[in-house]
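Enquirer: Take my numbering: the last position of the sequence shown gets the number 250, and nothing is skipped along the way.
Virtual Cβ for every residue (Gly too), placed ideally from N, Cα, C.
No experiment lies behind these values; they were computed from the predicted model shown.
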Amino acid sequence: MGELFSKAKDCSILASMLKKKLGNKIDFYGSTYIEVPSGKYLSSYRRNNGEYMFNGQWLPFYFKFSKNEFLRISVGSNHYHSSIGEKMAALSDFYSILSEEYGEPTVFYTTKDDDEGLLTLQWAFINKEEEIEKFQSGKYFDDAEIDTLIILGKKKEKTEGYSLSDKTKEIISKQIGLPFELLYLVDEDIENFVKHKNGKEISNSEGAKVEGVPVTSFEKKLEKKLSKL
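1. Smallest Cα separation from PHE91: which of THR131, LEU80, VAL57, PRO200?
2. If we ignore side chains and look at the alpha-carbon of each, how far apart do GLN196 and PHE129 end up?
3. Indicate the three-state DSSP secondary structure (helix, strand or coil) for GLN78 in the structure shown.
4. Report buried or exposed for TYR50, applying the criterion of at least 16 other Cβ atoms within 10 angstroms of its Cβ.
5. Determine the DSSP secondary structure at THR169, reduced to helix, strand or coil.
6. Taking the alpha-carbon positions, what's the LYS28 to PHE86 distance?
7. Determine the direct distance from the alpha carbon of GLU122 to that of GLU154, and round the result to whole angstroms.
8. Give the range of the beta strand (DSSP E) segment to which TYR62 is assigned.
9. As a quick exercise: from SER98, GLU107, LEU140, TYR54, pick the residue whose alpha carbon is nearest that of VAL215.
10. Applying the 10 Å Cβ sphere with the 16-neighbour rule, what's the burial state of THR141?
11. In whole angstroms, give me the CA-to-CA distance for ASN69 and LEU35.
12. Decide yes or no for the touch test of the segment 100-117 against the segment 157-175: beta carbon pairs closer than 8 Å, at least 3 of them.
13. Out of LYS88, SER64, ASN89, GLU212, point me to the one whose CA is closest to PRO81's CA.
14. Is the segment 94-108 close to the segment 196-213, with three or more CB pairs under 8 Å?
15. Determine the contact status of ILE47 and LYS30, defining contact as a CB-CB distance below 8 Å.
16. Would you kindly work out how many angstroms separate the C-alpha atoms of PHE133 and ASP163, rounded to a whole number?
17. ILE47 lies in the beta strand (DSSP E); which residues open and close that run?
18. Buried or exposed for THR169, going by 16 or more other Cβ atoms inside 10 Å?
19. Give the secondary structure of SER103 by DSSP, where H, G and I count as helix, E and B as strand, and everything else as coil.
20. Going by DSSP in three states, TYR54 sits in which element: helix, strand or coil?
21. Let's see if you can read the secondary structure: which residues bound the beta strand (DSSP E) around SER95?
22. What distance in whole Å lies between the Cβ atoms of SER194 and GLU137, which are believed to be in contact at a cut-off of 8 Å?
23. Keeping to the same chain, check which residues put their C-beta closer than 6 Å to that of ALA111; ignore five residues upstream and five downstream.
24. Identify whether THR127 lies in helix, strand or coil by the three-state DSSP scheme.
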């Protein structure tokens, strides 16, 4: 199978959909009728606290898309070195929209020596197993080396007598707005994730919620379980 290429027409259509859904949270650089559209993401928390797209607190994002082959979206850090929680909140916004349209992504990854600290979700619409194998063997990129790789949606055997059901994982994933396998990354920086996801600081952690799920419940009940995934 040959290399897959992003298509300008498909990217332009996807960019229009994202802008319609995310509104003033995103802004694109120039034309979106290109193979790699790029833009800025500004969380509702930053906007609520007087930040604007030109103030430099936005996060960069990029995507590639070929509607019958693949979709890749990446969120990075700005020059203030954005927190993992803020970047995961941004990725969550994109994931919630894209998963409704294209189903669950195939992999999450980061690359080594990446100045922007990009967090990437990728969907494989064809030859899924071949694509996963290329990621796992380190052959997917010629000019980059995978650092963190998480295969999403992979079935796992029950361990140590405990495992959340697929239905439970699906419910939690939809409520938090990320693939279940990525929730441990949220847990590393839960306060920043919640404030950028909800648009305000956590004033009382006992009452704080993410999409209706109590933060304390999320942490206490899942922290140990996620480490076993």
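Expert: According to the structure shown:
1. Nearest C-alpha to PHE91: VAL57.
2. Approximately 19 Å, taken between the alpha carbons.
3. Coil.
4. With fewer than 16 other Cβ atoms within 10 Å, it is exposed.
5. Three-state DSSP puts THR169 in a strand.
6. One C-alpha to the other measures close to 6 Å.
7. Whole-angstrom Cα-Cα distance: 25 Å.
8. Counting along the chain, the beta strand (DSSP E) containing TYR62 begins and ends at 59-62.
9. For the residues SER98, GLU107, LEU140, TYR54, the minimum Cα distance to VAL215 belongs to GLU107.
10. Buried: at least 16 other Cβ atoms inside 10 Å.
11. Straight-line Cα distance between these residues: approximately 27 Å.
12. Between the segment 100-117 and the segment 157-175, the count of Cβ pairs shorter than 8 Å is below three; the stretches do not touch.
13. Put simply, of LYS88, SER64, ASN89, GLU212 the residue whose alpha carbon is nearest the alpha carbon of PRO81 is SER64.
14. Yes: at least three Cβ pairs fall under 8 Å.
15. Cβ atoms of ILE47 and LYS30: not closer than 8 Å.
16. According to the sequence displayed, residue 133 carries Lys and not Phe. Taken atom to atom, the span from the alpha-carbon of LYS133 to that of ASP163 is near 13 Å.
17. Unbroken beta strand (DSSP E) run through ILE47: 47-49.
18. When all chains shown are included, THR169 counts as exposed.
19. Of the three classes helix, strand and coil, the one that applies to SER103 here is coil, per DSSP.
20. Looking at TYR54 - three-state DSSP - the assignment turns out to be coil, as it is neither helix nor strand.
21. Element bounds for SER95: 91-96.
22. Incorrect: roughly 26 Å between the Cβ atoms, too far for contact.
23. Result list for ALA111: TYR62, LEU80, VAL96, in chain order.
24. Note: THR127 maps to coil in three-state DSSP.
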